[in-house]
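If you're matching them up, the sequences are chains A and B in order.
The working numbering applies: residue 1 is where the first sequence begins, and numbers increase by one.
The working numbering applies: residue 1001 is where the second sequence begins, and numbers increase by one.
Glycine residues also receive a C-beta, built at the ideal position from the N, C-alpha and C atoms.
Bear in mind the structure is a predicted one, so any value in this text is a computation, not a measurement.
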Amino acid sequence: MPVNKPNISQLCDALQSFLETELAPAISDSALKYKLKIAGNVLGIIARESELGEDFKRMERDELNTLLGDDGSERSQNQRLVEFINSADIRPGDDDILPVLERITLAKMAIDNPRYASYVKHVDP
Amino acid sequence: MAAPTSRAEDLLAPLKKALSRQFAEPVTIAELRRLTGGAAAQTWAFTAMTSQGEQVLILRRGHDASQFGGALSKSQEAYVLGAAVAAGVPAPAIILELSTEGGLGEGFIMGHIAGETLPQKILKDPRYAVAREKMAGQCGDILAAIHAVPLKTVTGLHRALAADQIAFYRQAYDGYQQALPVFEYAFRWLAEHIPPCTEETLVHGDFRNGNLMVDDDGIRAVLDWELSHIGDPMEDLGWLCVNSWRFGRIDKPVGGFGDRDSLYQAYSQASGRQVDPKVVTFWELFGVLKWGVICLYQCDMHLSGRERSLERVAIGRRVSECELDILDLLRGE
């Protein structure tokens, strides 16, 4: 028995419309208008994370499993990745770690800010 | 020191007193208004009327805790600004340094230079089309002038070379308890690729689109000197090119308005120093990482409860922009 409609993204959408079409025109203070814009951006992040968050976690886990393998330890994959990066075994420039970091970063940006110009250039060259 | 007041009516009397003493005649203050600043650091504009006529002046006071990267006190900032103006750098002239007993706290009053500082306007408004064409070259000329400020006129300013700054931001990063693999990679790469600093000069430290006063003809003045220090002059060139300061115009690496050749050529010609693009890239990568750590700091200010703010917490999700910029620079884009 799931939570009832609306889902997170539908709620965010309704809230966004309220902020933009009803609240924004009623505000004349420029500092407040700016904060309202930030609020809208935050809502966008929440909506995108609710849609893409699970897929992101899965792809991150798969990427890091492939890169690091499973050493049976309880340390988080992220912690193991950091240790790997700081280990003497990799040489910046001749490792295969950068493409992995890039794929994960791009997937994060799809949630955080898909309008960032460098991100757009990557996904829609 | 108590937090300085942020009410205009509390500033009027001490301001009038300080300026009347400076100009040796009664000065009237009008149109005092707050321009920018957080709770601590403030910038105000006002009109001062003397027997000689009216002039618009700027008051800078307080200490901005959000500038955590070794920011100068207001009196140190006034000292560096004075030395820069004396050496011919386009920047506002210091009118008066405030003593802490004057009721205004630490700060200074400087001349007002008209123009636009908002990056989005400078990059979009057709009014600045001619200015935009010239600005990369002007940046080269102005940076050469800053880097030529005689070091004996800025004695006491702290020295911060690449290794010092990497260590400083590493320590700050470690304090935020958020393991970011891309940042770890960048810290390691930077530590292993520190270029030799061939000459130590005055470094502005925050020379970027947003701190440049621009009019129809281009750059009129360089503002915000509180991150200045002695270091590698190439640091300023790299910071100017950081993607975050292009405000979306990523095809114009110099501040979103110009190309690298115009900057490097003008700088080389004016300074007599050759620009090694690889050294600028090192500092650009450092700059992205530095901005990323500042974003972590801002977010932490909110999450730790020290200064709750929607703006500060939201900036935490801009860290991934820095991660992408770091990876692009490492790949040589």
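Nearest CB-CB separation between T66 of chain A and chain B: not below the 7 Å threshold. A distance of 7 Å or more separates the beta carbons of E60 of chain A and I111 of chain A.
Within the DSSP bridge table, the entry for D1215 of chain B names B:G1218 as partners. In the three-state DSSP reduction, F1046 of chain B falls in the strand class (E or B). According to DSSP, residue pairing for E1116 of chain B in a beta bridge involves B:V1214. Each residue's CA atom was taken as its position, placing G1210 of chain B and D1141 of chain B some 18 Å apart.
Note on H1158 of chain B: under 16 other CB atoms within 10 angstroms of its CB, so exposed under the neighbour-count rule. Counting other Cβ atoms within 10 Å of its Cβ, P2 of chain A stays below 16 and is therefore classed as exposed.
Taking every protein chain shown into account, the CB of Q1274 of chain B has fewer than 16 other CB atoms within 10 angstroms, so this residue is exposed. Residue burial annotation: G72 of chain A is exposed, with fewer than 16 other C-beta atoms found within 10 angstroms of its C-beta. When the alpha-carbon of T1100 of chain B is set against those of B:T1281, B:R1061, B:A1131, B:L1329, the nearest one is in B:R1061. The closest CA to that of I46 of chain A, considering only A:L11, A:T66, A:V82, A:I85, is found on A:L11.
Between the C-alpha atoms of Y116 of chain A and E49 of chain A there is a straight-line separation of about 16 Å. Counting along the chain, no beta strand (DSSP E) covers V1085 of chain B; the unbroken alpha helix (DSSP H) around it starts and ends at 1074–1086.
If you draw a straight line from the Cα of G44 of chain A to the Cα of A1145 of chain B, it is about 44 Å long. Spatial neighbours of V1214 of chain B in its own chain (CB-CB distance under 8 Å, excluding positions within 5 residues in sequence) are listed in chain order as G1115, E1116, T1117, I1122, Y1128, A1131, M1135, R1220. Taking 7 Å as the CB threshold, A88 of chain A stays off the interface with chain B. The residue among B:A1008, B:L1057, B:E1031, B:R1033 with its C-alpha nearest the C-alpha of L1019 of chain B is B:L1057.
The stretch 1171–1184 of chain B makes contact with the stretch 1291–1304 of chain B, as at least three CB pairs between them are under 8 Å. Listed along chain A, no residue sits closer than 9 Å to D1300 of chain B by beta-carbon distance, the nearest being about 17 Å off.
Secondary structure of E1031 of chain B (DSSP, three-state): strand. Chain A has a Cβ within less than 7 Å of the Cβ of Y1185 of chain B. Its chain contains T1047 as the residues whose beta carbon lies nearer than 6 Å to that of A1030 of chain B, once the 5 sequence neighbours on both sides are disregarded; these appear in chain order. The beta carbons of L1032 of chain B and T1043 of chain B sit about 12 Å from each other, so the pair does not count as a contact at 8 Å. Sequence-distant Cβ neighbours of A26 of chain A in its own chain, meaning closer than 6 Å and more than five residues away, do not exist here. Remark: C-beta atoms of V1182 of chain B and D1236 of chain B do not approach each other more closely than 7 Å. Within a 10 Å sphere around the beta-carbon of N113 of chain A sit 16 or more other beta-carbons, which makes this residue buried. A distance of 7 Å or more separates the beta carbons of I85 of chain A and Y1169 of chain B. Contact of L1324 of chain B with chain A by beta-carbon distance below 9 Å involves E102, T105, L106, K108, M109, Y116, S118, Y119, H122. Between the beta-carbon of K35 of chain A and that of I1250 of chain B there is about 27 Å, and that puts the pair past the 8 Å contact cut.
Between the alpha carbons of W1225 of chain B and L1263 of chain B lies a distance of about 21 Å.
Taking a contact as a CB-CB distance under 8 Å, the pair V1242 of chain B and G1316 of chain B does not count as one, their CB atoms being some 19 Å apart.
Per DSSP, H1302 of chain B is one residue of the alpha helix (DSSP H) stretching across 1277–1303.
With respect to the C-alpha of A1179 of chain B, the residue from B:P1014, B:V1319, B:D1328 having the closest C-alpha is B:V1319.
Only those residues of the stretch 38–49 of chain A whose C-beta falls short of 7 Å from the nearest C-beta of chain B are listed: I38, A39, N41, V42, I45. Within 9 Å of the CB of L81 of chain A, the CB atoms of chain B belong to A1179, P1181, E1184, in sequence order along the chain.
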